[in-house]
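J.:
Protein chains: 2
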Amino acid sequence: MRQYSERMSRLTGSAIRQIMKLMSDPEIISLGGGNPDPESFPVEKIREITDQLLREKPTQMLQYGVTNGYLPLREAALEHLFRPKNIQADLENVIPFTGSTQGIYMILDMFIDPGTPVLIENPTFLGTLNVIKKLGAKIIPVEMDGDGMLMDDLEAKIKAHQPRLLYTIPTFQNPTGRTLPLERRKRIAELAAEYDVIVIEDDPYGDVRIKGTPLPPIKSFDTAENVILMNSFSKIIAPGLRVGAAVGAADLIQQMEKVKQGLDTHTASLPQAICAEFLMRGLLPDHLRTITAIYGERLDAMLQGLERYFPADADFTRPEGGLFVWVQLPGIKNTGKLLERAISECKVAFVPGTPFFLEETQGLDTLRLNFSSSTPQQIDTALQRLGGLIQEEYNK
Amino acid sequence: MRQYSERMSRLTGSAIRQIMKLMSDPEIISLGGGNPDPESFPVEKIREITDQLLREKPTQMLQYGVTNGYLPLREAALEHLFRPKNIQADLENVIPFTGSTQGIYMILDMFIDPGTPVLIENPTFLGTLNVIKKLGAKIIPVEMDGDGMLMDDLEAKIKAHQPRLLYTIPTFQNPTGRTLPLERRKRIAELAAEYDVIVIEDDPYGDVRIKGTPLPPIKSFDTAENVILMNSFSKIIAPGLRVGAAVGAADLIQQMEKVKQGLDTHTASLPQAICAEFLMRGLLPDHLRTITAIYGERLDAMLQGLERYFPADADFTRPEGGLFVWVQLPGIKNTGKLLERAISECKVAFVPGTPFFLEETQGLDTLRLNFSSSTPQQIDTALQRLGGLIQEEYNK
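Chains as they are written, first to last, in the working numbering: chain A, 1 to 396; chain B, 1001 to 1396.
Here it is in structure tokens:
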């Protein structure tokens, strides 16, 4: 018998990854993943950039790099990602890392002891929830409405629990697709300053905006250097590169650098440099227009399919971007069981809502649908089949 | 004031990285780093492989990958790295990761609670030592002679402390360049089986053998599935790729996969695929011949320079490979202070030995020299200057 650390007893594998293993059948239409559309990857540009980097800077691409990141990427992230969003920052405020998963891990590791109070949205991103659990935090869920966290509940829970951390995905939230309005963003920054709470603002989807007006990040209202904004290149260039970057207070960035030394010394140089070049060549705006045009058609197909094929009491979010729509089906007792039937009888997959919640008894009538990785026709077909199955369950 | 986790209070930045910051002067000859020779990177091959991968498998290179690693790399590591070393293993025993730093981090994280007894070589690799300290282990150093750990002391300390882990670099150890003889390797595997100790066998240098006969890894004698061998592509292909791979018991590999989900979801696909192709095309043996020929000349220059320019009582290791020579200078009270003079007066850098030890009072008369990243002429010049300075100190 292995004598693992206590942390390991609190670590569960991702339920979603288990579900995904059910889906090896290529006939299945999956609305279950969180993948961007591979057809839209800027392959030619990446190939050209990569070849040029290996010709012109072979040593920099292949030798050990620095832990605080490839300098041109820090500069490019500042200029092309952070400053345009009204964030006052300098180079000392920026650190790239191995996907925003690593960036979030570092902040959690830096602040969480067993018993440390941490606030989360409930439901929230499973990957982060699993690390928070593993570290043994006392997890406090904040109530949400259709626009995200409720500020009264947030303040009450800050007062009651004196949390060190708040983890939030304010724009096109995973799993709900919800977007926090401007006033609540300002309020979170105020509360973080007043009560000295570190806010992890996870923003992998904000730039994938299909329609509507971009909202400034919480970080742009941060006067107390308590908000750290996590950006990812996974949804805006390609996830296989595993590159993300944060902007935050210089002292936090320095601590992240120290933690990162032990995690992987530095992030692979070539993927960092590919992201840097992509930004510096000004390729991002056009690429975002391309992918949001594609995702817009898919989102429309999804919302139309939900209207057309799902029961009248189905409640679903209508996000203006991101990758996910969240559905509540008052007539379904357990969407996990529904999934089993959906896969075997309809060849359609989705993710049941429960794993995103703190408690296994929550969200039993909810599910998450992804619209980025299927065509409008596939989405329509999948929702028609799924809607039929749901109607059957309703009629039972 | 930030309220960091307890772990952070035990985390120190790398002393070596601080020292390296002193060395921005391009006139300095550095024997201080641990970098492979950038001139020897297989740039053309990597460029050709990369271009082909992005042409033929763009989606695989750019989409999310699996946490347990790019399948062709797992296969290639098994066939080209592990099985030729007499290791009985299958695919379920192999996991790639983001540099062996990450592989080691995962095992440490899996087994260390505050107070957990962990055995180390003393001196040992600083990066690992820092993570072990950060996790709050009770660190127990094992006595060494010129061939590495002493088996009597190892067994006595296992009996006395019942450690969960032993961390060892058996071949061309960092910092000492020492190599553990065959019988001790067998003995470690026996002790690990008898007392149920997990052995992290860190082997980034073993394939960089300049002369002499390769020794089988401890893992090849592991009958109780307690040894996990960590390999790295940093010294045999290129460190900027950040790819390593482990072979070990299937249950340990599965736990590593779970931990890795929270660390970075998966390792960047392109660097993994570059390493896989490099192995599958059979390029490694020739490349190793190329680099060991270069390093052989450099090692010779270093050993000759030490003979010629250093005091007669200087004791130094004579490794048959790797990157480092370890020097003890009985007439020097503090090699840290020597370094300051060496940089300012001789434009030569090295790493003082003390940071590699558990206690700050240890190894004050030792230093580590790197021979992989300077030419024979540079090494000769540097040692001549340094030898003169040391002689001055001896004559004081």
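Quick reminder that beta carbons are idealized off the backbone N, C-alpha and C, glycines included.
In this text, all values refer to a predicted model and were calculated from it rather than measured experimentally.
I'd like the span of the alpha helix (DSSP H) that includes Ile120 of chain A, first residue to last.
T.: Locating residue 120 of chain A in the first sequence gives position 120, counting from the first residue. First-last for Ile120 of chain A: 117–121, but that is the beta strand (DSSP E), not the alpha helix (DSSP H).
J.: So Phe1111 of chain B contacts chain A; which residues on that side make the cut at Cβ distance below 9 Å?
T.: On the second sequence, position 111 is the one that residue 1111 of chain B refers to. Those are Arg2, Gln3, Tyr4, Ser5, Met8, listed as they occur along chain A.
J.: Could you give the uninterrupted runs of the beta strand (DSSP E) lying entirely in the region 36–119 of chain A, keeping only those of 3 residues or more?
T.: Segments of the beta strand (DSSP E) lying fully in the region 36–119 of chain A: 94–97.
J.: May I ask you to list the residues that DSSP assigns as paired with Lys1138 of chain B?
T.: Reading the second sequence from its first residue, position 138 is the one you call residue 1138 of chain B. B:Pro1117, per the DSSP bridge assignment.
J.: For Lys134 of chain A, count neighbouring Cβ atoms within 10 angstroms of its own Cβ and tell me buried if that reaches 16, exposed if not.
T.: Along the first sequence, read from residue 1 onward, the residue named residue 134 of chain A stands at position 134. By the 10 Å Cβ count, Lys134 of chain A comes out buried.
J.: Going by CA-CA distance only, name the one from B:Thr1124, B:Pro1330, B:Trp1326 that's closest to Asp1313 of chain B.
T.: Along the second sequence, read from residue 1 onward, the residue named residue 1313 of chain B stands at position 313. Comparing Cα-Cα distances from Asp1313 of chain B to each of B:Thr1124, B:Pro1330, B:Trp1326, the minimum goes to B:Pro1330.
J.: Would you mind telling me which residues of chain B sit closer than 7 Å to Ser269 of chain A, beta carbon to beta carbon, in chain order?
T.: For this step, residue 269 of chain A is matched to residue 269 along the first sequence. Chain B residues near Ser269 of chain A: Gly1240.
J.: If we call anything under 8 Å between Cβ atoms a contact, is Asn370 of chain A one with Leu31 of chain A?
T.: Within the first sequence, numbered from 1, the residue matching residue 370 of chain A stands at position 370. Within the first sequence, numbered from 1, the residue matching residue 31 of chain A stands at position 31. Yes; because the gap between Cβ atoms is below 8 Å, this pair is in contact.
J.: Under 8 Å between beta-carbons, which chain E residues line up against Asn1130 of chain B? List them in chain order, please.
T.: Looking at the structure shown, chain E is missing, and the protein chains on hand are A and B.
J.: Using only the alpha-carbon positions, how far apart do Leu1323 of chain B and Ile1169 of chain B sit?
T.: On the second sequence, residue 1323 of chain B is found 323 positions in, with the first residue counted as 1. On the second sequence, residue 1169 of chain B is found 169 positions in, with the first residue counted as 1. When rounded, the distance between both Cα atoms is 13 Å.
J.: In chain order, what residues of the same chain have a beta carbon less than 6 Å from the beta carbon of Leu279 of chain A, not counting five sequence neighbours either side?
T.: Position 279 of the first sequence, counted from the first residue, corresponds to residue 279 of chain A. So the qualifying residues of the chain are Ala76, His80.
J.: Look at the alpha carbon of Gly1099 of chain B and the alpha carbon of Leu1108 of chain B, and state the distance between them as a whole number of angstroms.
T.: Indexing the second sequence from 1 puts residue 1099 of chain B at position 99. Indexing the second sequence from 1 puts residue 1108 of chain B at position 108. Between Gly1099 of chain B and Leu1108 of chain B, the C-alpha separation is close to 15 Å.
J.: Does the distance from the C-beta atom of Ile1308 of chain B to that of Val1348 of chain B stay below 8 Å?
T.: In the second sequence, residue 1308 of chain B corresponds to position 308, counting from 1. In the second sequence, residue 1348 of chain B corresponds to position 348, counting from 1. Contrary to the premise, residue 1308 of chain B reads as Arg rather than Ile in this sequence. Not in contact: Arg1308 of chain B and Val1348 of chain B (Cβ atoms no closer than 8 Å).
J.: For Cys275 of chain A, which option in A:Thr290, A:Glu297, A:Ser234 has the closest C-alpha, if you only look at C-alpha atoms?
T.: Residue mapping note: residue 275 of chain A aligns to position 275 of the first sequence, counting from 1. Of the candidates A:Thr290, A:Glu297, A:Ser234, the one whose C-alpha sits nearest the C-alpha of Cys275 of chain A is A:Ser234.
J.: Hey, how far is the Cα of His161 of chain A from the Cα of Phe111 of chain A?
T.: Taking the first residue of the first sequence as 1, we reach residue 161 of chain A at position 161. Taking the first residue of the first sequence as 1, we reach residue 111 of chain A at position 111. The straight-line gap from Cα to Cα measures roughly 15 Å.
J.: Would the beta-carbon of Gln101 of chain A fall within 8 Å of that of Thr1265 of chain B?
T.: For the purposes of this step, residue 101 of chain A is taken as residue 101 along the first sequence, with counting starting at 1. For the purposes of this step, residue 1265 of chain B is taken as residue 265 along the second sequence, with counting starting at 1. One point to set straight first is that residue 101 of chain A is Thr, not Gln, in the sequence displayed. Cβ distance < 8 Å, so Thr101 of chain A and Thr1265 of chain B count as in contact.
J.: For Met144 of chain A, which beta-bridge partners are listed by DSSP?
T.: One-based indexing of the first sequence puts residue 144 of chain A at position 144. Note: Met144 of chain A sits in a beta bridge opposite A:Met149.
J.: Could one say the Cβ of Asp313 of chain A lies closer than 8 Å to chain B's Cβ atoms, at least one of them?
T.: By 1-based counting over the first sequence, the position of residue 313 of chain A is 313. No, its Cβ sits nowhere closer than 8 Å to a Cβ of chain B.
J.: Taking the runs of the beta strand (DSSP E) that are 3 residues or longer, which of them lie wholly in the region 239–281 of chain A?
T.: If we require 3 residues or more, the beta strand (DSSP E) runs fully inside the region 239–281 of chain A come out as 244–247.
J.: Compare the beta carbon distance of Ile218 of chain A and Glu201 of chain A with 8 Å and say whether it is the shorter of the two.
T.: Taking the first sequence and counting its residues from 1, one reaches residue 218 of chain A at position 218. Taking the first sequence and counting its residues from 1, one reaches residue 201 of chain A at position 201. Yes. Within cutoff.
J.: Within 8 Å (strictly less), CB to CB, does Leu180 of chain A reach chain B?
T.: Here residue 180 of chain A refers to the residue found at position 180 of the first sequence. No, its Cβ sits nowhere closer than 8 Å to a Cβ of chain B.
J.: Specify the secondary structure class of Asp313 of chain A as computed by DSSP and reduced to three states.
T.: To locate residue 313 of chain A, count along the first sequence from 1; it is residue 313. In this structure, Asp313 of chain A counts as coil in the three-state DSSP scheme.
J.: For the region 1061–1093 of chain B, which residues have a CB atom closer than 8 Å to at least one CB atom of chain A, in sequence order?
T.: Cβ contacts with chain A: Met1061, Leu1062, Gln1063, Tyr1064, Gly1065, Thr1067.
J.: Would you mind reading off the limits of the beta strand (DSSP E) that contains Met1 of chain A?
T.: Position 1 of the first sequence, counted from the start, is the residue given in the question as residue 1 of chain A. Taken as a continuous stretch (DSSP letters only), Met1 of chain A belongs to no beta strand (DSSP E), as it is neither H nor E.
J.: In its own chain, which residues sit with a C-beta less than 6 Å from the C-beta of Phe41 of chain A, not counting the 5 before and 5 after it?
T.: Position 41 of the first sequence holds residue 41 of chain A. Excluding positions up to five away in sequence, the list reads Ala238.
J.: Which value, in whole angstroms, describes the spacing of the CA atoms of Phe1097 of chain B and Leu1284 of chain B?
T.: Along the second sequence, one-based indexing puts residue 1097 of chain B at 97. Along the second sequence, one-based indexing puts residue 1284 of chain B at 284. Spanning the two alpha carbons is a distance of roughly 19 Å.
J.: Using a beta-carbon distance below 8 Å, is Lys1134 of chain B in contact with chain A?
T.: Within the second sequence, residue 1134 of chain B is the residue found at index 134, counting from 1. Lys1134 of chain B counts as touching chain A.
J.: Please tell me whether Gln102 of chain A has its Cβ less than 8 Å away from any Cβ of chain B.
T.: The residue given as residue 102 of chain A occupies position 102 in the first sequence. Cβ-Cβ to chain B under 8 Å: yes for Gln102 of chain A.
J.: Assuming Pro114 of chain A and Gly136 of chain A make a contact with CB atoms under 8 Å, what is their CB distance in whole Å?
T.: In the first sequence, counting from the first residue as 1, residue 114 of chain A sits at position 114. In the first sequence, counting from the first residue as 1, residue 136 of chain A sits at position 136. About 3 Å separates the two Cβ atoms, so the contact holds.
J.: What span of residues does the alpha helix (DSSP H) with Ile1379 of chain B cover, start to end?
T.: Translated into the one-based positions of the second sequence, residue 1379 of chain B becomes position 379. Ile1379 of chain B -> alpha helix (DSSP H) spans 1376–1395.
J.: Does the beta carbon of Gln173 of chain A fall short of 7 Å from some heavy atom of the ligand ADP?
T.: The ligand ADP is not part of this structure, which contains no ligands at all.
J.: Using the beta-carbon of each residue, which ones in chain B are nearer than 9 Å to Gln255 of chain A?
T.: In the first sequence, the residue the question calls residue 255 of chain A occupies position 255. Residues of chain B passing the Cβ test: Arg1002, Tyr1004, Met1008, Leu1011.
J.: To the nearest angstrom, how far is it from the Cα of Ser413 of chain A to the Cα of Ile87 of chain A?
T.: In the structure displayed, chain A extends from 1 to 396; residue 413 of chain A sits before or after that span and is not available.
J.: Is DSSP giving Thr168 of chain A helix, strand or coil here?
T.: For the purposes of this step, residue 168 of chain A is identified with residue 168 of the first sequence, where counting begins at 1. Note: Thr168 of chain A maps to strand in three-state DSSP.
J.: Do Ile210 of chain A and Thr292 of chain A have their C-beta atoms within less than 8 Å of each other?
T.: Locating residue 210 of chain A in the first sequence gives position 210, where the first residue counts as 1. Locating residue 292 of chain A in the first sequence gives position 292, where the first residue counts as 1. Yes. Within cutoff.
J.: Rank B:Ile1029, B:Glu1039, B:Tyr1004, B:Gln1003 by C-alpha distance to the C-alpha of Glu1345 of chain B and give the top, closest one.
T.: In the second sequence, the residue the question calls residue 1345 of chain B occupies position 345. Comparing Cα-Cα distances from Glu1345 of chain B to each of B:Ile1029, B:Glu1039, B:Tyr1004, B:Gln1003, the minimum goes to B:Ile1029.
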